[in-house]
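Engineer: Dumping the structure here so I can ask a few things about it.
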Amino acid sequence: MIKIYDSYSKDYKEVITKSINMYVCGITTSDYCHLGHAFSSVSFEILDRFLTSKGFNVTRIQNFTDVDDKIIAKSIEEKISAEEVSEKYIDAFFQDMDELGVKRANHYPKATDEIYNIIEFIKKLEEKNLTYSINGSIYFRVSKFAKYGKLSSRDINNSLSGTRVNENLDKESVGDFALWKSSKPDEPYWDSPWGKGRPGWHIECSSMVLNTIGDTVDIHGGGIDLIFPHHENEIAQSEALNGKKFANIWMHNGMVKIQGEKMSKSLGNLIKLKDALEIFGADLLRMWILSSHYRKPLLYDEKIINSFSKPLNRIKDAINLIPIAYEKKLESKKEFDQFNLALSNDLNTSVALSQIISLSKKINNSNNELDISFAQNNLNKMLEITGLCQNIKNENNDKDIFIDEEIEQLLEKRNNYRKSKEFSKADEIRDELLKQGIEIVDNGFNSVWKKV
RNA sequence: GGCGACGUAGCCAAGUGGUCUAAGGCCGAGGUCUGCAAAACCUCUAUUCGGCGGUUCGAAUCCGCCCGUCGCCUCCA
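Heads up: the first sequence runs through residues 3 to 454, numbered per my numbering.
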């Protein structure tokens with residue numbers, strides 16, 4: 003049984019249907035990805051990998067918001083078109099996420115490719131008298147949707163009057179939000195029944211879900227900072243449109259924090275993913291992300307991330323050790339089962355990672371007594387589900403090393419030289435094997451062999 | 001001001017009423033092995049879960065109050 007915490011019902015929900023579609027809110031293409039994007043992407047990617055490993059048929063969709071104020075501002079600043087800005091950062095997104103080893107989603111729809119559907123969506127809302135128009139902009143009338151505020155536990159009547167809400171006197175009510183924004187001169191625009199303009203932010207996700215998945219999406223995900231107003235607004239417009247439940251499970255990942263504060267655009271304390279990849283590499287970043295639960299805040303600290311380099315080396319050793327055909331095999335069922343159980347329990351990656359490390363230690367410790375090949379198999383499955391060490395594994399698959407009789411004799415010969423203290427002859431054999439891609443690690447006279 | 005989350009060892013972190021005298025990792029202290037090399041491995045490191053009460057046969061886990069930190073209410077993953 004696989005359980006996921008649902009932010010809407012504030013309770014755990016079981017993933018039941020064999021076919022699962024996921025819609026994850028993606029990035030605004032106005033800048034390079036930062037570690038918050040990495041956290042979110044890896045979290046939902048691992049759910050995808052895990053469900054797939056359990057036989058579910060997963061369709062994952064992640065959008066690009068490729069038209070908005072920040073993109074327009076950047077296009078003016080850099081004197082290029084908004085499209086060129088978006089294209090640049092979409093390319094960068096894929097480059098960085100690929101390097102992090104994030105399994106690609108099935109579709110990456112763009113807001114600008116969705117304009118027709120968005121206009122149709124708004125027209126239907128209009129027909130239902132859920133909207134009003136001011137100077138060519140169309141707004142959703144929040145008071146028309148009774149359940150507004152349920153996801154974010156907000157009472158619209160008193161909580162939206164806080165000091166930080168920007169009073170927009172044009173709107174009937176502060177909570178109302180734009181479905182369509184009329185364009186100012188020199189801004190990108192699309193023709194619509196309401197004149198030249200562009201979509202509001204929230205409507206693209208509702209439209210994409212409807213047109214790529216249908217009325218109801220199984221799992222809708224995104225950062226916890228999107229709960230209000232973004233996801234609240236998505237629910238309002240989608241459910242008001244067709245009366246169907248919009249998402250069965252709402253899944254929200256926590257925020258990356260740096261020096262006690264949220265890493266965010268407004269605070270300007272971002273660490274770009276591409277910079278972090280350069281400093282730490284994909285595997286350390288991934289272990290850092292796995293080490294904490296996806297709904298909790300993730301603390302950025304170079305020391306913390308680097309603290310995974312030792313356990314990472316253990317894992318690498320465990321998959322690189324060359325197994326010897328002993329009669330008795332090393333048991334790994336317990337770790338493998340615990341690993342799966344942990345991920346089934348609202349994606350407890352921290353415990354899953356601990357099982358990977360424990361099994362790695364067991365493998366490293368038994369290569370001279372037990373057949374580790376079965377345990378390595380399980381370890382590889384665990385690594386694949388968590389996306390760890392995938393580059394190393396791929397490299398190793400290219401060179402299929404095994405210990406044949408000839409090599410075994412060489413190894414025995416070398417240890418005899420060592421026993422008789424003819425070290426230069428022993429070292430010659432070590433160098434020879436190294437050329438063949440085999441590294442010898444001595445444990446007394448019980449040497450083990452690793453793929454290099 | 002409204003709403004919400006969190007507070008576990010020096011640090012990161014798991015823990016959805018009993019197997020918790022609390023997983024895993026880092027750091028630290030010992031140790032095994034050792035020609036070199038690099039490791040690897042083992043042992044130790046919270047009788048205690050922010051504080052105070054309560055519920056219960058039993059609480060880190062549930063309830064109340066207090067203290068502290070953070071998030072959302074503005075673009076945000």
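Glycine included, each C-beta is placed from N, C-alpha and C at the ideal position.
Short of 7 angstroms in beta carbon distance, which residues of its chain neighbour I442, apart from the five on each side in sequence? Order them along the chain.
Structural biologist: Counting only Cβ-Cβ distances below 7 angstroms, and skipping sequence neighbours, we find R432, L435, S449 and W451.
Engineer: Could you name the residues of the same chain whose beta carbon sits closer than 6 angstroms to that of E236, not counting the 5 residues immediately before and after it, in chain order?
Structural biologist: Same-chain partners within the cutoff: H204, C207 and S208.
Engineer: For S18, count neighbouring C-beta atoms within 10 Å of its own C-beta (all shown protein chains included) and say buried if the count is 16 or more, exposed if not.
Structural biologist: With the sequence shown as reference, residue 18 is identified as Ile, and Ser is not the correct amino acid for it. That one is exposed.
Engineer: Whole angstroms are fine: how far does the CA of K427 sit from the CA of I387?
Structural biologist: Approximately 44 angstroms between the Cα atoms of the pair.
Engineer: Alpha carbon to alpha carbon, how far is I221 from M210? Give it in angstroms, no decimals.
Structural biologist: One C-alpha to the other measures close to 14 angstroms.
Engineer: Residue range of the alpha helix (DSSP H) that K336 falls in?
Structural biologist: K335 to S346 is the extent of the alpha helix (DSSP H) around K336.
Engineer: If you draw a straight line from the alpha carbon of D68 to that of C27, how long is it in whole angstroms?
Structural biologist: Cα to Cα, D68 sits roughly 13 angstroms from C27.
Engineer: At the level of alpha carbons, what is the spacing between E414 and S422?
Structural biologist: Roughly 13 angstroms separates the two Cα atoms.
Engineer: Return yes when at least one heavy atom of the ligand MG lies under 7 angstroms from the C-beta of K364, else no.
Structural biologist: Only the bare structure without any ligand can be found here, which leaves the ligand MG out of the picture.
Engineer: Measuring straight from C-alpha to C-alpha, what distance separates R200 and I74?
Structural biologist: Cα to Cα, the separation comes out at about 12 angstroms.
Engineer: Using beta-carbon positions only, say whether Y110 and F41 come within less than 8 angstroms of one another.
Structural biologist: No, Cβ-Cβ distance for Y110 and F41 is not below 8 angstroms.
Engineer: Under 8 angstroms, do E47 and L279 count as touching if we go by C-beta distance?
Structural biologist: In this structure, L279 does not lie closer than 8 angstroms to E47 by Cβ.
Engineer: Only counting the same chain, and skipping five residues up and downstream in sequence, which positions put a Cβ closer than 6 angstroms to that of I251?
Structural biologist: These residues qualify, in order along the chain: I6, D8, K15 and I221.
Engineer: How close, in whole Å, do the beta carbons of I321 and L381 come, if the pair is a contact with beta carbons under 8 angstroms?
Structural biologist: So it is a contact: roughly 6 angstroms between Cβ atoms.
Engineer: Where do the N-terminal and C-terminal ends of the alpha helix (DSSP H) with G85 fall, by residue?
Structural biologist: Correcting the residue identity first, residue 85 is Glu in this sequence and not Gly. First-last of the alpha helix (DSSP H) with E85: A84 to E101.
Engineer: What separation, rounded to the nearest whole angstrom, lies between the Cα atoms of I197 and K247?
Structural biologist: The amino acid occupying residue 197 in the given sequence is Gly; Ile does not appear at that position. Roughly 32 angstroms separates the two Cα atoms.
Engineer: Answer yes if the region 309-316 comes into contact with the region 350-370, meaning at least three C-beta pairs across the two stretches below 8 angstroms, and no otherwise.
Structural biologist: The region 350-370 vs the region 309-316: in contact.
Engineer: Please identify the residue among D172, K330, K56 and G103 whose C-alpha is closest to the C-alpha of Q392.
Structural biologist: Measuring from the Cα of Q392, the nearest candidate turns out to be G103.
Engineer: Using only the alpha-carbon positions, how far apart do F425 and E408 sit?
Structural biologist: Rounded to whole angstroms, F425 to E408 spans 21 angstroms at the Cα level.
Engineer: Tell me N59's beta-bridge partners as DSSP assigns them.
Structural biologist: DSSP, once it has assigned bridges, lists S21 as partnering N59.
Engineer: For I63 and T214, which I take to be in contact (beta-carbon distance under 8 angstroms), what is that distance rounded to the nearest angstrom?
Structural biologist: The Cβ separation is near 6 angstroms, so the contact holds.
Engineer: What residue range is occupied by the uninterrupted alpha helix (DSSP H) comprising H254?
Structural biologist: Here H254 belongs to no alpha helix (DSSP H); instead the beta strand (DSSP E) covers A249 to N255.
Engineer: Based on the DSSP secondary-structure assignment, which residues constitute the bridge partners of D13?
Structural biologist: D13 pairs with D8.
Engineer: Apply the 10 Å Cβ neighbour rule to K76 and answer buried if 16 or more other Cβ atoms are within range, or exposed otherwise.
Structural biologist: Buried: at least 16 other Cβ atoms inside 10 Å.
Engineer: On a CA-only basis, which of K130, Y118 and Y34 is nearest V87? Give me that one, please.
Structural biologist: Ranking K130, Y118 and Y34 by Cα distance to V87 puts Y34 first.
Engineer: G216 and A180 - do their beta-carbons sit closer together than 8 angstroms?
Structural biologist: No, these two residues do not count as a Cβ contact at 8 angstroms.
Engineer: Compare the C-alpha of I136 against each of W182, D98 and G177 and name the closest.
Structural biologist: For I136, the nearest C-alpha among the options comes from W182.
Engineer: Would the beta-carbon of R416 fall within 8 angstroms of that of F447?
Structural biologist: Cβ atoms of R416 and F447: not closer than 8 angstroms.
Engineer: Express the C-alpha separation of K298 and K259 in angstroms, rounding to a whole number.
Structural biologist: Approximately 10 angstroms between the Cα atoms of the pair.
Engineer: Can you look up K452 in the DSSP assignment and give me helix, strand or coil?
Structural biologist: In the structure shown, K452 sits in a strand (DSSP, three-state: E or B).
Engineer: With three or more beta-carbon pairs closer than 8 angstroms as the criterion, would you say the region 285-305 touches the region 337-345?
Structural biologist: No: fewer than three Cβ pairs fall under 8 angstroms.
Engineer: Using the three-state DSSP reduction, which class does I317 fall into: helix, strand or coil?
Structural biologist: Helix, per DSSP.
Engineer: Could you check whether Y141 and A238 sit closer than 8 angstroms to each other, using their CB atoms as the reference points?
Structural biologist: Not a contact, by the Cβ cut-off of 8 angstroms.
Engineer: Might you give, ordered along the chain, the residues of its own chain that have their beta carbon closer than 8 angstroms to the beta carbon of L385, omitting 5 neighbours on each side?
Structural biologist: For L385, where only same-chain residues beyond five positions count, the Cβ hits under 8 angstroms are I317, I321, I358, C391, Q392 and K395.
Engineer: May I have the straight-line CA-CA distance separating K437 from M289, to the nearest angstrom?
Structural biologist: Computed Cα separation, rounded: 31 angstroms.
Engineer: So is G225 buried or exposed if we call it buried at 16+ other beta carbons inside 10 Å?
Structural biologist: When all chains shown are included, G225 counts as buried.
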